[in-house]
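In the working numbering, the protein residues as written are 15 to 422.
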């Protein structure tokens, strides 16, 4: 790690199974393992809740202290305190690489203090008037956690020569009117994106449009600038390595430093890049705005198992089936092409979007769309070539034949 101490801190470890096997020397947060999953979800008793956030509770209940999954007792400050305790005992002479994951702005958007917070909606006519107060509250609480983290770094002398990257690992579908798509041809209704959550629907752009910001602390600082080009979280690793002047292996992402410096060649590369979209694993319960824990566990229980390291993992026999059900897509400039498989009918449906006008075309409307349908279909097939049932489908084969005929 080029001499850096590598640290991963998180208050939610049930689905973030990142540990020393990923190259981190130090972990900060609640104790890892299947018990974290079970206790964090079901452990709710008056006596344990009473002492959970005390020094005694930290020693007796390492699976619940600072554990955002245990929503009945979780206090945002408890996780920050775990980070502070680590900063106080670390070797100050070693350079630090630290990744910190705050999970309050994630379903179920609740914690110990939620009931005492305001649930008033946004004022009428505000840009986000139909957003959900519980989500707004969680964003505000997360913002305070991040502010305290920066203060802790400052007190520890860690902001004298530092790069801070602020990001969200995904967005959130909140079923808002502003997320709907308009028809791009006649006899088509407005497309309402009614899927909540994240990773459940690649047509719900709010699920994957995220914040990504960089700031230098110390002598040299980036100019204040808003990047208009389409970037991705896969660009973070090459950016950090480029910033530190460290060698990088072949990566799908690209360094953002050229964009920050307004380098014409880099800007052209980003203007012409194509990004990949795919949905994650979801159950019917997860598609709702406020899924119930009990329903989610019941629907997904058969899919998961506990491995030899005590981690919750997907059973191997279900992997091929889940991959087959994935939604696949690509984004190129103003265009997005989404492809879905109807499992029972063994066929694929496509939807073409203009991200700028928020119009869409599907079914017979695809024939009159002025977007690069075949080119984006071929690119989708190329990028998912390892998914053999999809790559060998009639959709991919017929598209390749049409493009070959056009080139003759």
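Where a beta carbon is used, it is the ideal one built from N, C-alpha and C, also for glycine. Predicted, not measured: the structure shown is a model, and the values here were computed from it.
Going by other Cβ atoms of all chains shown within 10 Å of its Cβ, with 16 needed for buried, is residue i buried or exposed?
i	result
residue 222	buried
residue 423	Outside the shown range of the chain (15 to 422) lies residue 423, about which nothing can therefore be said.
residue 80	buried
residue 141	Any reading at residue 141 must be qualified, since the residue scores a pLDDT of 49, below 50, and its modelled position is unreliable; the value itself is stated next. Exposed, because fewer than 16 other Cβ atoms sit within 10 Å of the Cβ of residue 141.
residue 339	exposed
residue 315	exposed
residue 84	buried
residue 402	exposed
residue 116	buried
residue 37	exposed
residue 329	exposed
residue 233	exposed
residue 23	buried
residue 323	exposed
Which residues in the same chain have their Cβ closer than 8 Å to the Cβ of residue i, if we skip the five residues on either side of it in sequence?
i	result
residue 265	248, 251, 252
residue 279	272
residue 344	288, 289, 290, 291, 350, 351, 390, 393, 394, 397
residue 284	243, 244, 245, 268, 273
May I have the straight-line CA-CA distance separating residue i from residue j, to the nearest angstrom?
i	j	result
residue 320	residue 383	48 Å
residue 420	residue 379	21 Å
residue 211	residue 121	8 Å
residue 182	residue 226	7 Å
residue 98	residue 166	7 Å
residue 413	residue 263	33 Å
residue 229	residue 333	39 Å
residue 61	residue 123	With a pLDDT of 48 at residue 61, under the threshold of 50, the predicted position of this residue should be treated as unreliable, though the coordinate-derived value follows. Each residue's Cα considered, the two are about 24 Å apart.
Using a Cβ-Cβ cutoff of less than 6 Å, which residues in the same chain neighbour residue i once the five nearest sequence positions on both sides are dropped?
i	result
residue 363	354
residue 348	368, 369, 370
residue 341	216, 293, 354
residue 463	Given a span of 15 to 422 for the chain in the structure shown, any question on residue 463 remains unanswerable.
residue 18	109, 111
residue 236	230, 274
Under a three-way DSSP split, which group does residue i fall into?
i	result
residue 197	strand
residue 214	coil
residue 177	strand
residue 144	Note that residue 144 has pLDDT 48, beneath the 50 cutoff, so the model's placement of it is unreliable and the number below is only indicative. In the structure shown, residue 144 sits in coil (DSSP, three-state: anything other than H, G, I, E or B).
residue 281	helix
residue 363	strand
residue 222	coil
residue 93	helix
residue 115	strand
residue 151	helix
Can you tell me the Cβ-Cβ gap for residue i and residue j, rounded? I've got them flagged as a contact below 8 Å.
i	j	result
residue 239	residue 274	6 Å
residue 126	residue 153	Going by Cβ atoms, the distance from residue 126 to residue 153 rounds to 17 Å, so no, they are not a contact pair.
residue 185	residue 162	No, residue 185 and residue 162 are not in contact; Cβ-Cβ is about 24 Å, not under 8 Å.
residue 155	residue 106	The pair is not a contact, with the Cβ atoms about 30 Å apart (cut-off 8 Å).
residue 326	residue 108	No, residue 326 and residue 108 are not in contact; Cβ-Cβ is about 33 Å, not under 8 Å.
residue 101	residue 170	5 Å
residue 374	residue 197	7 Å
residue 213	residue 346	Not a contact, Cβ separation roughly 21 Å.
residue 231	residue 176	4 Å
Do residue i and the ligand GTP come close, with the Cβ less than 7 Å from some heavy atom?
i	result
residue 239	The model on display carries no ligand, and the ligand GTP is accordingly not part of it.
Within its chain, find whatever has a CB closer than 7 Å to the CB of residue i; leave out the 5 residues flanking it on each side and keep chain order.
i	result
residue 144	Interpretation of residue 144 is limited by its pLDDT of 48, a score under 50 that renders its predicted location unreliable; no figure is taken from the coordinates.
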